[in-house]
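Numbering (my numbering), first residue to last: 9 to 543.
Backbone N, C-alpha and C define an ideal beta-carbon position, used for all residues, glycine too.
On a predicted model such as this, the values are computed, not experimentally measured, just so you know.
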């Protein structure tokens with residue numbers, strides 16, 4: 009399959025013209041929204057646009073050279089299904105050609121199906137051509153139809169100002185699922201192209217035998233450590249682990265998701281396979297354990313030692329899509345056999361872990377002790393907003409540390425800050441900064457949440473904290489809320505996927521990040537090196 013840098017289009021949008029016309033250019037608007045957010049979500053420069061052919065015929069026949077070329081030049085395919093698509097042999101020819109170019113792996117990995125209508129979805133599934141292409145029903149249908157009127161697509165926008173309004177919640181939920189998955193694949197592909205062809209990984213199953221013990225791990229891995237395929241939300245933590253092991257002299261390869269379809273040739277030379285997991289629904293969930301089960305099974309089939317297969321527990325990283333009951337049972341069974349990131353590093357690098365702060369029960373999910381961590385709230389009403397806000401903060405952070413001799417990496421995440429669950433989480437001892445939302449809350453509710461966060465921020469050197477005031481819906485605050493230096497910064501949030509600080513408050517956001525950087529520098533300067541036995 010092509011990498012994103014080789015592609016002219018991020019996705020080929022396959023649809024029937026009459027469906028687009030009948031529903032007031034719904035598909036055109038969908039494509040426009042996709043183009044606007046995909047590059048920012050992937051954090052990759054110059055992501056190509058989707059291909060949207062206005063003149064796509066809706067009759068049977070051979071595909072034109074133009075369409076064949078566009079399919080071949082695309083990173084993925086998105087098919088949009090309503091009544092006319094269900095009746096069009098032409099559209100299925102586009103799908104058939106896509107499979108011929110991308111193979112079974114690409115068909116499973118890079119195909120997205122948008123259902124505008126439930127009955128049309130069922131009609132397509134009954135077509136002979138479809139059943140030949142998708143005999144096992146592995147593809148996931150994204151439901152963009154209304155729950156009350158299931159043959160009508162959801163409204164894209166909340167208001168009547170078509171194309172200028174805020175995306176509706178009904179549209180945003182499946183749209184974010186599609187964008188998040190496609191953006192993660194584009195990011196991995198871009199990183200693969202930027203560094204070198206990414207090492208291939210697989211899916212694994214079989215649990216580690218009871219005889220397995222951490223003591224059996226080699227302290228050095230001369231033939232290399234493979235970090236297996238993981239769910240997208242673990243990408244930052246796995247990358248940090250890879251960097252830490254590499255600095256310590258380990259030969260480490262990171263296995264990309266495409267490895268699931270590559271036969272796992274890298275397993276042959278590796279001496280250790282590390283499989284990260286959290287509570288997320290596994291990739292390839294057609295069997296218990298999904299991608300975890302596949303990798304484990306393939307590793308052991310090669311005659312590899314079972315004690316060279318390590319389960320890495322990253323369950324404190326929130327799951328974007330929690331595992332269903334069958335998969336959750338498999339994951340729960342791994343817990344007793346798994347290592348934490350810090351324990352794995354300590355064993356492989358042959359170092360003594362730094363002593364914990366008295367009373368500290370927090371086990372960080374990444375091993376980069378120099379990293380900076382900003383925790384952003386996620387809650388039921390604004391559960392998706394931390395991602396685009398985090399992207400804007402990360403851009404400003406990169407600008408702040410550009411050119412500095414020591415530029416600590418920044419991790420932006422919501423872990424520990426679903427506010428209604430904060431009492432069940434460890435203290436926020438490793439937080440270097442905290443952001444709370446003020447969008448749909450009453451001021452007294454916000455004050456209560458500030459108190460909750462302050463109770464989790466222990467010690468005298470308290471991390472800088474701000475309130476992100478989202479405009480709309482509230483009027484401008486007349487007085488800032490200040491509690492342990494909590495200042496209110498205004499953010500334009502008319503479009504959920506593009507949240508940025510108001511121009512008048514840019515300097516205050518810069519000052520917030522500067523405080524975090526200075527605090528991080530002091531911590532780094534004051535950290536005493538750990539004496540290793542025999543050194």
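Check: At which residues does the beta strand (DSSP E) containing residue 405 begin and terminate?
Finding: Residue 405 -> not in any beta strand (DSSP E); alpha helix (DSSP H) instead, spanning 394 to 409.
Checklist line | Coarse secondary structure for residue 196, derived from DSSP in three states | finding: helix
Checklist line | 8 Å CB neighbourhood of residue 9 in its chain, flanking five on each side removed | finding: 110, 111, 113, 114, 117, 118 and 266
Notebook entry, point to check: To which residues of the same chain is residue 441 closer than 6 Å at the C-beta, ignoring the five residues directly before and after it?
Noted result: 382, 471, 472 and 524
Checklist line | Reduced DSSP category for residue 9 - H, G, I as helix; E, B as strand; rest coil | finding: coil
Notebook entry, point to check: How about residue 186 and residue 242: do their beta carbons lie closer than 7 Å?
Noted result: no
Notebook entry, point to check: Is the segment 44 to 58 close to the segment 235 to 251, with three or more CB pairs under 8 Å?
Noted result: no
Item checked: Short Cβ contact (7 Å threshold) for residue 507 with residue 499 -> yes
Next item on the list: Determine the DSSP secondary structure at residue 441, reduced to helix, strand or coil.
Entry: strand
Margin query: So within the segment 267 to 352, which uninterrupted beta strand (DSSP E) runs reach at least 3 residues, ignoring any that extend past its ends?
Written below: 280 to 285 and 317 to 321
Notebook entry, point to check: What are the boundary residues of the beta strand (DSSP E) that residue 151 is part of?
Noted result: 149 to 151
Note to self: Quick check on DSSP: helix, strand or coil for residue 99?
What the structure shows: helix
Next item on the list: Report buried or exposed for residue 475, applying the criterion of at least 16 other Cβ atoms within 10 angstroms of its Cβ.
Entry: buried
Next item on the list: Could you pull out every residue in the same chain whose Cβ sits closer than 7 Å to the Cβ of residue 47, ignoring the five residues on either side in sequence?
Entry: 55
Next item on the list: Answer yes if the segment 271 to 281 comes into contact with the segment 323 to 340, meaning at least three C-beta pairs across the two stretches below 8 Å, and no otherwise.
Entry: no
Check: Given residue 463, which residues of its chain have a CB within under 6 Å of its CB, disregarding the five upstream and five downstream residues?
Finding: none
Next item on the list: State yes or no: is the C-beta of residue 405 within less than 7 Å of the C-beta of residue 397?
Entry: no
Next item on the list: Tell me whether residue 451 is buried or exposed, calling it buried when 16 or more other Cβ atoms sit within 10 Å of its Cβ.
Entry: exposed
Checklist line | Inter-residue Cα distance where the pair is residue 518 and residue 459 | finding: 25 Å
Note to self: With DSSP as the reference, identify every bridge partner of residue 85, one or two as the case may be.
What the structure shows: 20 and 119
Check: Among 19, 102, 45 and 176, which one has its Cα closest to the Cα of residue 73?
Finding: 102
Check: Apart from the five residues on each side of it in sequence, which residues of its chain come closer than 6 Å, Cβ to Cβ, to residue 120?
Finding: 86 and 186
Notebook entry, point to check: Roughly how many whole angstroms lie between the Cα atoms of residue 257 and residue 251?
Noted result: 10 Å
Check: Can you tell me the Cα-Cα spacing of residue 229 and residue 269, whole angstroms?
Finding: For residue 229, the predicted structure reports a pLDDT of 40, less than 50, and the residue's modelled location is therefore unreliable. A value from the coordinates is still provided. Each residue's Cα considered, the two are about 26 Å apart.
Notebook entry, point to check: For residue 177, is the classification buried or exposed, using 16 other Cβ atoms within 10 angstroms of its Cβ as the cut-off for buried?
Noted result: exposed
Item checked: Spatial neighbours of residue 335 in its chain, beta-carbon cut-off 8 Å, leaving aside the 5 residues before and after -> 289, 290, 293, 296, 297 and 298
Margin query: Let's see if you can read the secondary structure: which residues bound the beta strand (DSSP E) around residue 479?
Written below: 473 to 479
Checklist line | Residue closest to residue 282, alpha-carbon to alpha-carbon, out of 402, 156, 352 and 248 | finding: 352
Check: Between which two residues does the alpha helix (DSSP H) containing residue 35 stretch?
Finding: 34 to 50
Margin query: Please report the straight-line C-alpha distance between residue 131 and residue 23, rounded to a whole angstrom.
Written below: 15 Å
Item checked: Length of the line joining the Cα atoms of residue 138 and residue 93 -> 12 Å
Notebook entry, point to check: Which one of 416, 457 and 420 has the shortest CA to CA distance from residue 530?
Noted result: 416
Margin query: Let me check understanding here. Comparing Cα to Cα, which of 253, 302, 287 and 255 lies closest to residue 271?
Written below: 302
Check: Using the rule of at least 16 other Cβ atoms within 10 Å of the residue's Cβ for burial, across every protein chain shown, is residue 189 buried or exposed?
Finding: buried
Checklist line | Which of helix, strand or coil DSSP assigns to residue 263 | finding: strand
Margin query: Using the three-state DSSP reduction, which class does residue 162 fall into: helix, strand or coil?
Written below: coil
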